[in-house]
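Beneath this line is the structure, given in structure tokens, with notes to follow.
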Amino acid sequence: MKRFQRNLRSITFFVGVVMTVCLMASPAFSAKVRWRMGSTWTPSIVLIESDRNFCRIVKELSGGDFDIKLFSAGELVPAFELFDAVAKGTLEAGGEWPNYWTGKNSVFDLLGSYPMGLTPVDYMVWIYQAGGLELYQEAYGKYGIYYLPHSVTPMESGVRSNKPIKSLADYNGLKIRMSGQTQGKLLKELGAAQTMLAGGEIYQALDKGVIDAAEFSSPVIDWGMGFGEVTKFWSTPGWHQPASLLGVMINKKVWDELPEQQKILLKYAAMANMVWSFTQMEYSCIDAVKKFEEKGTQITRISDEELDKIQDMVNKYVVESAKENPLFAKVAYSQLKFLQDIAKWRSIATPFTYGRNPKAMPDMEAIKAEAAKPAP
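Our numbering puts the first residue of the sequence shown at 211, with every later residue one more than the last.
Have a look at this one:
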């Protein structure tokens, strides 16, 4: 946590310095802007640091003229009411994880994370170079929200439990806290039961044996939430969430009323925060892994052969979800097409590359056909 909070300005300074000089010379910055931004995270969950740092960057780059006051989950609105609060304009902005809103539209299941899906670098390249950013606007825009991706986490740790999970057979009979609609389908097929719990409830549920196992986020975040105290085993890799994309929702009317220079500032602040968030969390995982090992946590790993089985299961559910929602199909096809397009270069660059080439792909033509249908 100390390293996570240290040297916050160092990474973002050079990203914004040239832009800041230009922006500060513009008359558009004579107007003061004061926003309230809610978060889905409580102070005890390290993910809130991404929201804090985004607000800090905006204030610094604007010379204090654009000030966003952050409120943790529950201070203004409960975490799971944040989407509606921003959409209605009760709050100007909200920091969140897209998958929390899957109940509103299945497309959000792809925009935050997906089992056997995009890695952190995949998300960044897809968003900024392969059309992903426009698809976020299409999805959130349906609800009167403008969206800025502002953070991406390393791979989710995996599953933490008090009995070893060394193979897919070991999932059978377990009650597991795991987020995501598709993740729930996969657990059911593996004989496990999905339990949905807010992050702040997981520790107690594990401690009292209400659940048998749980996942939440990357090692540094899991350690900060005390999971090393209430679990003995750690099953890797995090196939259920190879990465988590986080962002800030902005009320569309509020966004549209901003001067163009302030919109540019927010966009570049989000990009700078993306670099900061990934590098900080990735580096912080070094110490977190050591702490889990020193605590006596035993690390196991699902075999590559069984990961291939999960990939096949995932591919089946991608096609099923695509048939139910053209917008889901449109985003899924875009993400999968990106993985196909970059596969040759990654094969050439291996082992000196980020990202992964899936060993099997779902029926791309079927998804493409569903994506071409008009959204409801």
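Even glycine gets a Cβ: it sits at the ideal position worked out from N, Cα and C.
- According to DSSP, residue pairing for Lys-385 in a beta bridge involves Ala-403.
- In the three-state reduction of the DSSP assignment, Asp-551 falls in the helix class.
- Sequence-distant Cβ neighbours of Lys-473 in its own chain, meaning closer than 8 Å and more than five residues away, are Trp-465.
- Note: Gln-508 is bridge-paired with Phe-443 in the DSSP secondary-structure output.
- In this structure, Ala-403 sits away from Leu-416, with a CB-CB distance that is not shorter than 7 Å.
- The C-alpha of Asp-380 lies about 51 Å from the C-alpha of Leu-271.
- In this structure, the straight-line span from the alpha carbon of Ser-494 to that of Ala-579 is close to 43 Å.
- Note that the C-beta distance between Pro-325 and Trp-444 is not below 7 Å.
- For Ile-460, the enclosing beta strand (DSSP E) has its first and last residue at 454–461.
- In this structure Phe-264 does not touch Val-243 by the C-beta definition: roughly 15 Å separates them, more than the 8 Å allowed.
- In this structure, Ala-453 lies away from Tyr-357, with their beta-carbon atoms at least 7 Å apart.
- Annotated three-state conformation of Trp-336 is helix, per DSSP.
- Residue range 514–534 is occupied by the alpha helix (DSSP H) that includes Val-528.
- Spatial neighbours of Ile-255 in its own chain (CB-CB distance under 6 Å, excluding positions within 5 residues in sequence) are listed in chain order as Gly-409.
- Taking C-beta atoms under 8 Å as the contact rule, Ser-316 and Asn-525 fail to qualify, at a distance of about 16 Å.
- Relative to Thr-392, the option among Ala-498, Gly-383, Leu-320 whose CA is nearest is Leu-320.
- In this structure, Ala-553 and Ile-577 do not form a Cβ contact; the two beta carbons are roughly 17 Å apart against a cut-off of 8 Å.
- Closest in C-alpha terms to Lys-463, from the list Tyr-350, Ala-340, Phe-562, Leu-345, comes Tyr-350.
- For Leu-537, the CB contacts under 6 Å within the same chain, skipping 5 residues up- and downstream, are Val-317, Ala-585 in chain order.
- With a 10 Å radius around the Cβ and a threshold of 16 neighbouring Cβ atoms, Glu-306 comes out buried.
- Glu-530 and Asp-573 have their C-alpha atoms spaced approximately 10 Å apart.
- Looking at the DSSP output, Tyr-353 sits in no beta bridge, so it has no partner there.
- Within the same chain, Cβ atoms closer than 8 Å to the Cβ of Gln-521 are found at Met-326, Pro-568, Lys-569, Ala-570, the five residues on either side in sequence being excluded.
- Leaving aside the five residues that flank Trp-433 on each side, the residues in its chain whose CB is nearer than 7 Å to its CB run, in chain order, Ala-498, Lys-501, Phe-502.
- In the structure shown, the three-state DSSP call for Leu-280 is strand.
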